[in-house]
Each structure stands twice: as C-alpha cells, then as structure tokens.
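For reference, the structure is listed below as structure tokens.
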Amino acid sequence: MKSRSARMVAVVGAMLFVAILSVPVAQAQEAWPSKPLRFIIPSTPGSASDFAGRTFARFVEPRLKQAVIAENKPGAGAIIGAELLKNSPADGYTYLIGGSSVSGANPVLYVKLPYDPVKDFEEVGTFGFFPIIGMVKKDGPIKSAADIIAMAKANPGKVSFGYYSPLAQISPEIIKSRTGIELIGVSYKQVSQISTDIAGGVVDFTFLDAIGAAPVLKSGLLRPIAVTSLQRVPSMPDVPTMAEILPGFEVQGWSGLTTNKGSPMAVVERMNGLLRAMQSDPESRDLLERQGMVVRPTASVADHAKFTAAERVRWAEWVKLAKIPPQ
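For the sequence shown, the working numbering gives the first residue as 5, with consecutive numbering after it.
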C-alpha cells in the first residue's frame, strides 16, 4: 500500500509540476505582443514590398498597441532578407514582407538557397497582387513593346533593360524567348537608379511592379508602354497588355507576409486576421489600390500555403519559358 501511495503522490506531484510550468507559457501566449514586432523588407524603399509592409505596419501598430520596426534589407533578389528571417526566433515577432520573389521565383531560379520556403517558413497571407509595367524614356524613340522587338531585331545586342528583382527580369526574358531577339539585361540594386539610367539613355527600358513604378510615373521621367496582366489595368486603360502583342503573355506579382516555421499558430492566425482587416479598411485599401495593387481578401493560412505551392509551379513554367538557367 505504501508503495502504491508513494507512486500516486509522485504522479500527482509530476502533474502539478507540469501544470505550474505551463502557466507562464500560456500567460506569455496570451500577452502577445509584449514587445515591438519586426518587419524585414527585402527590397529598397519605393518597391512593392516596402509600400505594402509599411502600410501594414501603420495599420497594426494601434491595434496591437506595439511598435513595428520596419527594416529595409535589400539584395540578392530578396535572399538576404529571407535568410534574416530564417535566422530569427520563431516566436511570432519577426516577419518578412515577401511574396513572388521569396516564395515563388527564388526556389526555381536558384539551385541552392540559404532557406527552404516550405521547411523554414510559415506563409501568413497576401497583401495584394500587381501587374508588371513596361516603361521607357518619356521622349525616347521607343513608343511600344513592338518597338522594342523591332529595334532589337535591327540592332542585335544593342537594346538593354534594367532589372532589380526576378519579377523585373522575367518579362524581358520571356519576350526574348518568344521572339528570338537579343536583349542585354543590366542588374540594379535600386529602382531609382534604373529610372535615372533610362532617362539618361544608359539602358533602354525596364519592367517594374506597379507599386515600384508609381513614383517613377509620377516623376514624369518614364512612361508606360505595356502591362503584363491579361487584362488592361483600370487606372491605365490606354496602356496595352503584352498579351495583345504576344498572345497568352502573363506575369503577375504579389506581396505577402511570411514568418518562421514553428511560430505560434494562434499568432499566425491573428496576423492573417489583421491582414483581412486591413484589406477591408477603406483608407488602407485605397492606399494600396492607388499604388497599383489589386487587393483581394487573403486566403486562410492553410489555403495561402496551397497558393504559394502553386506559385512555385507557375514560376517554374515561366522560368522554363524564359530559358533562364538556374544559378
């Protein structure tokens, strides 16, 4: 009997010990967020990720009653920022303003990445979608995408484009592949430098995401000649689609929120809910749409993961079509 009683006491004691240990954990989860959040923006100011991330930061700060520290960490096609997220604690406080490049393009453009989007990241949701806009010098000789093709045929190896991300690179590469022309790609770190060089005649054209293109268009340095969505963009009804010249041509970008795998799912779900709330907020939605983003309610966390998996398949098709060898 003594032995049995001793065992019972030991079991009850162990249960109480576990219960006591679990109290701080539960309290910590309930207290989230108890410190500032960190948003890693893997691109320069003025890009789609930068605008979406900072708009979301302003939206969530008063609702979470915590500051959001937004940091631009550009470079290597968003790989630098993605690696920073991977090396951060999976505690629900660090997020990457990712999307097409991080979760769609890079996994098929690079043979070896310092992160695995499936094993390392938890996809939270999307901010919105955007077309890519072909842009040229305002008063230059190129008036349309057809002019680019004609000039490249007449001057092999002399027509160039600037790009700063996979989204900016893929459209010219698909044009090359589908028409057989030769175009010279020039890599940049900043959108502003691309527009300056096009205005100065250093390179001939570029394809920028709609948000990155907005301030460039406003400056008057460049003008749009084509969009990569299948339908014309409502805010630019006179700008033709690439599909009008090359049937079926489509490249679409999207901006999304990503965190570490292993982060508390209750927190991930809450951030997904805040994304939905921002998309329903008239002021925030108007800000995004005026910058060229197409805002649709984000999918649930589970469905968004399926979406990103499908995006990798689509990017693999685009990369194959563009004949871009994996690096």
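A virtual CB, placed ideally from N, CA and C, is assigned to each residue, including glycine.
From a predicted model like this one, the values you see are computed outputs, not experimental measurements.
With distance defined between alpha-carbon atoms, name the residue in the options nearest to residue i.
i	options	result
residue 285	274, 296, 300	300
residue 50	158, 193, 93	193
residue 174	108, 157, 236	108
residue 256	245, 265, 266, 249	245
residue 85	112, 63, 54	54
residue 216	187, 235, 167, 247	167
residue 144	169, 228, 110, 117	228
residue 45	71, 66, 68, 82	82
residue 324	279, 253, 203, 112	112
residue 42	35, 70, 198, 158	70
residue 328	68, 259, 250, 176	176
residue 189	271, 169, 320, 203	169
residue 312	121, 187, 37	121
residue 272	125, 140, 230	125
residue 171	309, 219, 105	105
residue 319	218, 158, 114	114
residue 89	66, 127, 61	127
residue 163	186, 223, 73, 148	186
residue 322	161, 156, 254	254
residue 247	67, 191, 201, 149	149
residue 331	110, 151, 259	110
residue 258	219, 117, 161, 315	315
residue 309	265, 289, 290, 288	265
residue 191	80, 66, 65	80
Can you tell me the Cβ-Cβ gap for residue i and residue j, rounded? I've got them flagged as a contact below 8 Å.
i	j	result
residue 263	residue 99	5 Å
residue 59	residue 135	With a Cβ gap of about 19 Å, residue 59 and residue 135 do not count as contacting.
residue 132	residue 297	4 Å
residue 146	residue 209	6 Å
residue 261	residue 129	6 Å
residue 48	residue 195	6 Å
residue 56	residue 292	7 Å
residue 182	residue 234	Contact doesn't hold; Cβ gap of about 15 Å is too wide.
residue 142	residue 225	6 Å
residue 267	residue 61	The pair is not a contact, with the Cβ atoms about 18 Å apart (cut-off 8 Å).
residue 73	residue 40	5 Å
With H, G and I counted as helix, E and B as strand and the rest as coil, what does DSSP make of residue i?
i	result
residue 242	coil
residue 249	coil
residue 213	strand
residue 333	Nothing can be reported for residue 333: it is not among the residues displayed for the chain, which extend from 5 to 331.
residue 226	strand
residue 130	strand
residue 49	coil
residue 305	helix
residue 83	helix
residue 91	coil
residue 111	helix
residue 336	Nothing can be reported for residue 336, as the shown portion of the chain is limited to 5 through 331.
residue 254	coil
residue 71	coil
residue 41	strand
residue 30	Any reading at residue 30 needs caution, since the residue's pLDDT is 42, under 50, leaving its predicted position unreliable; the model's value is listed next. Of the three classes helix, strand and coil, the one that applies to residue 30 here is helix, per DSSP.
residue 78	coil
residue 234	coil
residue 57	helix
residue 118	coil
residue 135	strand
residue 266	coil
residue 277	helix
residue 5	Confidence at residue 5 is low in this model, with a pLDDT of 47, below 50, so its placement is unreliable and the value that follows should be read with caution. Here residue 5 sits in coil by DSSP.
residue 331	coil
Assign residue i to buried or exposed, taking buried as 16 or more other Cβ atoms, counted over all protein chains shown, within 10 Å of its Cβ.
i	result
residue 361	Nothing about residue 361 can be reported from this structure: the residues present for the chain run from 5 to 331 only.
residue 138	buried
residue 269	exposed
residue 304	exposed
residue 103	buried
residue 52	buried
residue 283	buried
residue 35	exposed
residue 179	buried
residue 276	buried
residue 75	exposed
residue 295	buried
residue 1	Residue 1 lies beyond the stretch modelled for the chain, which goes from 5 to 331, so this question has no answer here.
residue 317	exposed
residue 78	buried
residue 28	Its pLDDT being 43, under 50, residue 28 is placed unreliably in this model, and the value from its coordinates should be taken loosely. The residue in question, residue 28, is exposed, as its Cβ has fewer than 16 Cβ neighbours within 10 Å.
Say whether chain C places a C-beta atom closer than 9 Å to the C-beta of residue i.
i	result
residue 245	Among the protein chains of the structure shown there is no chain C, as only one such chain exists.
- Message: To test your reading of the DSSP string, which unbroken beta strand (DSSP E) runs of 3 or more residues are found completely within the region 139–204?
- Response: 164–167, 188–191
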